[in-house]
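Trainee: Protein chains in written order, with the working numbering: chain A, 2 to 218; chain B, 2 to 218; chain C, 318 to 525; chain D, 318 to 525.
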Amino acid sequence: MKQAIRATELAALVPDGATVMIGGFMGVGSPERLIDALVTCGRRGLTVIANDSAVPGVGVGKLVTAGAVVRLVASHIGLNPETQARMNAGEIAVELVPQGTLVERIRAAGVGLGGVLTPTGLGTPVEDGKPVIEVEGRRYLLETPLRADVALIAARRADYVGNLEYFLTAQNFNPVMAMAAKLVIAEPEHIVPVGVIPPDAVRTPGALVDHVLGRAT
Amino acid sequence: MKQAIRATELAALVPDGATVMIGGFMGVGSPERLIDALVTCGRRGLTVIANDSAVPGVGVGKLVTAGAVVRLVASHIGLNPETQARMNAGEIAVELVPQGTLVERIRAAGVGLGGVLTPTGLGTPVEDGKPVIEVEGRRYLLETPLRADVALIAARRADYVGNLEYFLTAQNFNPVMAMAAKLVIAEPEHIVPVGVIPPDAVRTPGALVDHVLGRAT
Amino acid sequence: MTDAREVIARRVAAEIRPGTLVNLGIGLPSLVANYIPADFGVFFQAENGVIGMGARPPEGMQDPDLTDAGGGFITAVPGAAAIDSAMSFGLIRGGHIDVTVLGGLEVDERGRLANWMIPGKMVPGMGGAMDLVTGARRVIVAMTHTNKDRPKIVARTELPLTSARPVDLIVTEMAVLAPTPDGLRLLEVAPGHDAAQVRRATGAALSD
Amino acid sequence: MTDAREVIARRVAAEIRPGTLVNLGIGLPSLVANYIPADFGVFFQAENGVIGMGARPPEGMQDPDLTDAGGGFITAVPGAAAIDSAMSFGLIRGGHIDVTVLGGLEVDERGRLANWMIPGKMVPGMGGAMDLVTGARRVIVAMTHTNKDRPKIVARTELPLTSARPVDLIVTEMAVLAPTPDGLRLLEVAPGHDAAQVRRATGAALSD
Numbered sequence: 002m003k004q005a006i007r008a009t010e011l012a013a014l015v016p017d018g019a020t021v022m023i024g025g026f027m028g029v030g031s032p033e034r035l036i037d038a039l040v041t042c043g044r045r046g047l048t049v050i051a052n053d054s055a056v057p058g059v060g061v062g063k064l065v066t067a068g069a070v071v072r073l074v075a076s077h078i079g080l081n082p083e084t085q086a087r088m089n090a091g092e093i094a095v096e097l098v099p100q101g102t103l104v105e106r107i108r109a110a111g112v113g114l115g116g117v118l119t120p121t122g123l124g125t126p127v128e129d130g131k132p133v134i135e136v137e138g139r140r141y142l143l144e145t146p147l148r149a150d151v152a153l154i155a156a157r158r159a160d161y162v163g164n165l166e167y168f169l170t171a172q173n174f175n176p177v178m179a180m181a182a183k184l185v186i187a188e189p190e191h192i193v194p195v196g197v198i199p200p201d202a203v204r205t206p207g208a209l210v211d212h213v214l215g216r217a218t
Numbered sequence: 002m003k004q005a006i007r008a009t010e011l012a013a014l015v016p017d018g019a020t021v022m023i024g025g026f027m028g029v030g031s032p033e034r035l036i037d038a039l040v041t042c043g044r045r046g047l048t049v050i051a052n053d054s055a056v057p058g059v060g061v062g063k064l065v066t067a068g069a070v071v072r073l074v075a076s077h078i079g080l081n082p083e084t085q086a087r088m089n090a091g092e093i094a095v096e097l098v099p100q101g102t103l104v105e106r107i108r109a110a111g112v113g114l115g116g117v118l119t120p121t122g123l124g125t126p127v128e129d130g131k132p133v134i135e136v137e138g139r140r141y142l143l144e145t146p147l148r149a150d151v152a153l154i155a156a157r158r159a160d161y162v163g164n165l166e167y168f169l170t171a172q173n174f175n176p177v178m179a180m181a182a183k184l185v186i187a188e189p190e191h192i193v194p195v196g197v198i199p200p201d202a203v204r205t206p207g208a209l210v211d212h213v214l215g216r217a218t
Numbered sequence: 318m319t320d321a322r323e324v325i326a327r328r329v330a331a332e333i334r335p336g337t338l339v340n341l342g343i344g345l346p347s348l349v350a351n352y353i354p355a356d357f358g359v360f361f362q363a364e365n366g367v368i369g370m371g372a373r374p375p376e377g378m379q380d381p382d383l384t385d386a387g388g389g390f391i392t393a394v395p396g397a398a399a400i401d402s403a404m405s406f407g408l409i410r411g412g413h414i415d416v417t418v419l420g421g422l423e424v425d426e427r428g429r430l431a432n433w434m435i436p437g438k439m440v441p442g443m444g445g446a447m448d449l450v451t452g453a454r455r456v457i458v459a460m461t462h463t464n465k466d467r468p469k470i471v472a473r474t475e476l477p478l479t480s481a482r483p484v485d486l487i488v489t490e491m492a493v494l495a496p497t498p499d500g501l502r503l504l505e506v507a508p509g510h511d512a513a514q515v516r517r518a519t520g521a522a523l524s525d
Numbered sequence: 318m319t320d321a322r323e324v325i326a327r328r329v330a331a332e333i334r335p336g337t338l339v340n341l342g343i344g345l346p347s348l349v350a351n352y353i354p355a356d357f358g359v360f361f362q363a364e365n366g367v368i369g370m371g372a373r374p375p376e377g378m379q380d381p382d383l384t385d386a387g388g389g390f391i392t393a394v395p396g397a398a399a400i401d402s403a404m405s406f407g408l409i410r411g412g413h414i415d416v417t418v419l420g421g422l423e424v425d426e427r428g429r430l431a432n433w434m435i436p437g438k439m440v441p442g443m444g445g446a447m448d449l450v451t452g453a454r455r456v457i458v459a460m461t462h463t464n465k466d467r468p469k470i471v472a473r474t475e476l477p478l479t480s481a482r483p484v485d486l487i488v489t490e491m492a493v494l495a496p497t498p499d500g501l502r503l504l505e506v507a508p509g510h511d512a513a514q515v516r517r518a519t520g521a522a523l524s525d
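1) Can you grab the Cα-Cα spacing for the pair C/V488 / B/E188, in whole Å?
2) Near B/P120, what residues of its chain come up, given a Cβ to Cβ distance below 8 Å and the 5 sequence neighbours on each side ignored?
3) Where do the N-terminal and C-terminal ends of the alpha helix (DSSP H) with C/D448 fall, by residue?
4) Kindly provide the ranges of any alpha helix (DSSP H) runs that are 4 or more residues long and lie completely inside the segment 436–497 of chain C, ordered along the chain.
5) Would you verify that the beta carbon of B/D53 is, or is not, closer than 8 Å to some beta carbon of chain A?
6) B/P206 touches chain D at which residues, Cβ-Cβ below 9 Å?
7) Note down the Cα distance separating A/T145 from A/R106, rounded to an integer number of angstroms.
8) Going by C-alpha to C-alpha distance, which of C/I325, C/R334 and C/T519 sits closest to C/V416?
9) Among A/G122, A/I50 and A/S31, which residue has its Cα nearest to the Cα of A/V59?
10) Quick one: using the 10 Å Cβ neighbour count with 16 as the cut-off for buried, is D/L449 buried or exposed?
11) According to the neighbour-count rule (16 or more other Cβ atoms, all chains shown, within 10 Å of its Cβ), is B/V70 buried or exposed?
12) Thinking C-beta only, is A/G28 closer than 8 Å to A/I56?
13) Could I get the ranges of all uninterrupted beta strand (DSSP E) runs contained in the segment 353–426 of chain D, with 3 residues as the minimum, in chain order?
14) Do C/V329 and C/I457 have their beta-carbon atoms positioned less than 8 Å apart in this structure?
15) Please report how far the alpha carbon of C/E323 lies from the alpha carbon of B/E10, in whole angstroms.
16) Starting from the Cα of D/P346, find the closest Cα among D/V440, D/G442, D/P375 and D/E490 and give me that residue.
17) How about B/Q172 and D/G369: do their beta carbons lie closer than 8 Å?
18) Is D/D320 buried or exposed, if buried means 16 or more other CB atoms sit within 10 Å of its CB?
19) Give me the Cβ distance between A/N14 and A/I192, rounded to the nearest whole Å; I'm assuming they're in contact under 8 Å.
20) Taking only beta-carbon atoms, is C/S480 less than 8 Å away from chain A?
21) With a threshold of 8 Å between beta-carbons, can B/M2 be considered close to chain C, or not?
22) Taking only the alpha-carbon atoms, compute the straight-line gap between B/E92 and B/K3 and give it to the nearest angstrom.
23) Does the CB of C/A363 have a neighbour CB from chain A at under 8 Å?
24) Within the 8 Å Cβ cut-off, does C/F390 reach chain B?
25) Identify each residue in the segment 84–117 of chain B for which the Cβ-Cβ distance to at least one residue of chain D is less than 9 Å, and report them in chain order.
26) Secondary structure at C/M318, three-state DSSP: helix, strand or coil?
27) Mind reading off the beta-carbon distance from D/L486 to D/I470? Whole number of angstroms is fine, and I expect it under 8 Å.
28) In three-state terms, what does DSSP make of A/H111?
29) I need the straight-line Cα distance from B/V197 to B/R204, nearest angstrom please.
30) What ranges does the beta strand (DSSP E) occupy inside the segment 138–190 of chain B, keeping only unbroken runs of at least 3 residues that lie completely in it?
31) Would a check of beta-carbon distances place B/T9 closer than 8 Å to chain G?
32) What residues in the segment 453–472 of chain C have a beta carbon less than 7 Å from any beta carbon of chain B?
33) For C/P395 versus B/V195, is the C-beta distance shorter than 8 Å?
34) Check the Cβ of A/T121 against every Cβ in chain C and list those closer than 8 Å, keeping chain order.
35) Using a Cβ-Cβ distance under 8 Å, would C/T337 count as near chain A?
36) CB-CB under 8 Å to D/M318, same chain, minus the five flanking residues each way: which ones, in chain order?
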């Protein structure tokens, strides 16, 4: 059984300077209330690992606007001009990672693998400075695992033991990120009794989840 | 829309000497009718990639008894004395692979990665002859991807476009193997109209499935 | 006069075989779906997590948890599957996508695509493009032949590449071209154009 | 007289904290579940694909699609999750299993376990054991102290190791031992035994 936390308790769990994974794709499947709580408590110096920085006012975009982010690891920032502007002003260091490489680097950390051997990025600027490993006559980039202090996960439903269920394209990076952080905090749309989510519908077992955000009061 | 095939058509799809992945764990979640069809048509010289060889008369065990298997890549053969006897007699070459490494090697092939960097097997006989790669100060074995000509997949339900749904512990290696073979043949317990399996319950998208075994007549 | 984008989308659609799994990039490539017959059994992947993307939903019926890779509302067709990003890019990098159609900034004489940044000007990021070009079975570039009269098909590009892998086909409003080991081949000239026009608008040598 | 296996299982159970995720090997380790209070909120993983394994099902209620890693029928507790093998071993190798309890053939003076083959005699395969010993946060070996009076805790083992990683605790019917950088430490002597007995039955030096 998990204890439900309140948004105001997030400040104590995510210190300034933390590395935070945030689920979502262009704001879809993003833990908006948790993100709002980080903005409200005035977090600074965060490294954010996320697919993208959405648009201003949505998802990770809110943290960018609030000046909470000093480093962003993402596959796409093109639809948030504020991220571009802050990157150009030297306020945010952006590491751009191919989307498939990003999700595998996170997965590697979560499942205890030492890295990812991918053909993606070979012969492009993504290759710069990375080892190239030859396996069975083909060349692959060695990409390192990505870990975080905290993962903020959006789910459709959680049950009392923390099992999570996702819905359609709101799934995206959430289940993978829930494996790769020391502390996992889930923001479900609904919290249901144990047994409502059948075993085969659980995509993130509750054992991976440390805290569940309680319903807004 | 897939065409349902009959078990008797399997002979034409799986030639002697083929490399065949077979889902299942101690016979649970094994495509028994497809296995029976391979025995019936007298297949020889197969390389089988499977978690285990079950027990005589069950799952992969039937192929072992029939003398169809010349090479077995598996994590466990301890509960099938026939596999042990044939291995000792030099009739089956057995490559034992740690279970977590086995599933990741299959996954690597299926998702286009060049190999697996795992700590599992370091300092044991599993390390012999394999490259050790150091990443961020830690050592990992480099294990190569495992591919197959054909994957035989057991599922609880298929719909007409080949989407597959699994049930409880019958899932095991099936969804991963369905990504790693040139030809994927599914044996569902039930075949249902499109829409009966909701999008979030699909674990193997129909695009991965070439043929669905029709119901027994 | 027919819109260049429509000409390109229609021509690309003719490349799509029935029963295949197809990924369309946002923008121009997404128009290709309009010209694929509904009974073709083609499934469209949106790399953010669905196989079986359908057209825009009716007004008021949009689900905020069902969008395409650009964040726009979509529907799902019967037989659709929802997947996470690891599975989605597993399908892409693993060679399970039959065709991907992507927009381009430039393509060089070896058929290599650049479409994700202009140094010093525009750094949107590569999103899923690098994985798609590297992993899809067939890569089609759908783009206008020129940008303000400047050729987008060039001998050498100064732009960072999307992948070292050459694309399979380039479809513009003027022509259809295919990279070969000996350079770019001019396969077709679009109605209303001629080969000399195409060559003048191209910054690389074209063989017949 | 109490059965040695029961003594071992009871003592291992005392190591299991509430709310943890635990993997029990087949055979002796599986008995540990009998001594964990139901209200402890412990979830048991069966590495073939379920978190929340329960006891044997009532006769006639068995589901052939719900078994443990030995192929035996099980139940699932409320809140259980079904997972595939990639996820299951992702949890194991990724350090998400709080405790694993495994049987052993031998443990050497550095605390390294051998439990998957006897060259020339028995080659069952390692199954999930190598991943469990390498990846679980805490590894407990549950085994009888000797095999037909031959010590199973030895200075050096001739058997192939399961992992180069030392285990965290060894529980036998005679004692509880912990590997340290300076060798094996004798933490507890079981009731009815004394330290001299334990040392005689052990093939490696034991510090206090």
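Note that beta-carbon positions come from the ideal geometry of N, C-alpha and C, so glycine has one too.
Mentor: In brief:
1) Whole-angstrom Cα-Cα distance: 41 Å.
2) For B/P120, where only same-chain residues beyond five positions count, the Cβ hits under 8 Å are R139, R140, Y141 and L142.
3) DSSP places C/D448 inside the alpha helix (DSSP H), whose first and last residues are A446 to G452.
4) Listed in chain order, the alpha helix (DSSP H) runs fully inside the segment 436–497 of chain C are 446–452, counting runs of at least 4 residues.
5) False, the Cβ-Cβ gap to chain A never drops below 8 Å.
6) Chain D residues near B/P206: none, gap ~14 Å exceeds 9 Å.
7) In this structure, the CA atom of A/T145 is about 6 Å from the CA atom of A/R106.
8) Cα-wise, what sits closest to C/V416 is C/R334.
9) Nearest option by C-alpha distance: A/S31.
10) Buried: at least 16 other Cβ atoms inside 10 Å.
11) So B/V70 ends up on the buried side.
12) Strictly speaking, residue 56 of chain A in this sequence is Val, with Ile absent from that position. Their beta carbons are under 8 Å apart, which means A/V56 touches A/G28 by this criterion.
13) Positions of the beta strand (DSSP E) runs, each at least 3 residues long and wholly inside the segment 353–426 of chain D, are given as 360–363, 367–371, 392–399 and 416–419 in order along the chain.
14) Yes, they are a contact pair.
15) Straight-line Cα distance between these residues: approximately 44 Å.
16) Ranked by Cα distance from D/P346, the first of D/V440, D/G442, D/P375 and D/E490 is D/E490.
17) No; because the gap between Cβ atoms is not below 8 Å, this pair is not in contact.
18) Residue environment analysis places D/D320 among the exposed positions, since fewer than 16 neighbouring C-beta atoms fall within 10 angstroms of its C-beta.
19) According to the sequence as given, residue 14 of chain A is Leu; it is not Asn. Not really, about 19 Å apart at Cβ, beyond 8 Å.
20) Judged by the 8 Å Cβ criterion, C/S480 is in contact with chain A.
21) For B/M2, the closest Cβ of chain C is nearer than 8 Å.
22) Approximately 38 Å between the Cα atoms of the pair.
23) Yes, its Cβ sits closer than 8 Å to a Cβ of chain A.
24) For C/F390, not one C-beta of chain B is nearer than 8 Å to its own C-beta.
25) When C-beta distances to chain D are compared with 9 Å, the residues of the segment 84–117 of chain B below that value are Q85, M88, N89, V95, L97, V98, P99, Q100, G101, T102, L103, V104, E105, I107 and R108, in chain order.
26) Reliability fails at C/M318, whose pLDDT of 47 lies under 50, so the model's placement of it is uncertain and no value is given.
27) The Cβ separation is near 12 Å, so there is no contact.
28) As written in the sequence, residue 111 of chain A is Gly, which differs from the His given in the question. Here A/G111 sits in helix by DSSP.
29) If you take the alpha carbons of B/V197 and B/R204, they lie about 14 Å apart.
30) Runs of the beta strand (DSSP E) lying entirely within the segment 138–190 of chain B and spanning at least 3 residues, in chain order: 139–144 and 149–160.
31) Chain labels in this structure do not include chain G; the protein chains are A, B, C and D.
32) Per Cβ criterion, the list is empty.
33) Yes; because the gap between Cβ atoms is below 8 Å, this pair is in contact.
34) Neighbours of A/T121 across chain C, judged by C-beta separation under 8 Å: R410, M447, D448, T451, G452 and S480.
35) At a cut-off of 8 Å between C-beta atoms, C/T337 does not count as an interface residue with respect to chain A.
36) Because D/M318 sits at a pLDDT of 47, beneath the cut-off of 50, its placement in the model cannot be relied upon, and the following sentence gives the value as read from the coordinates. Around D/M318: no qualifying Cβ.
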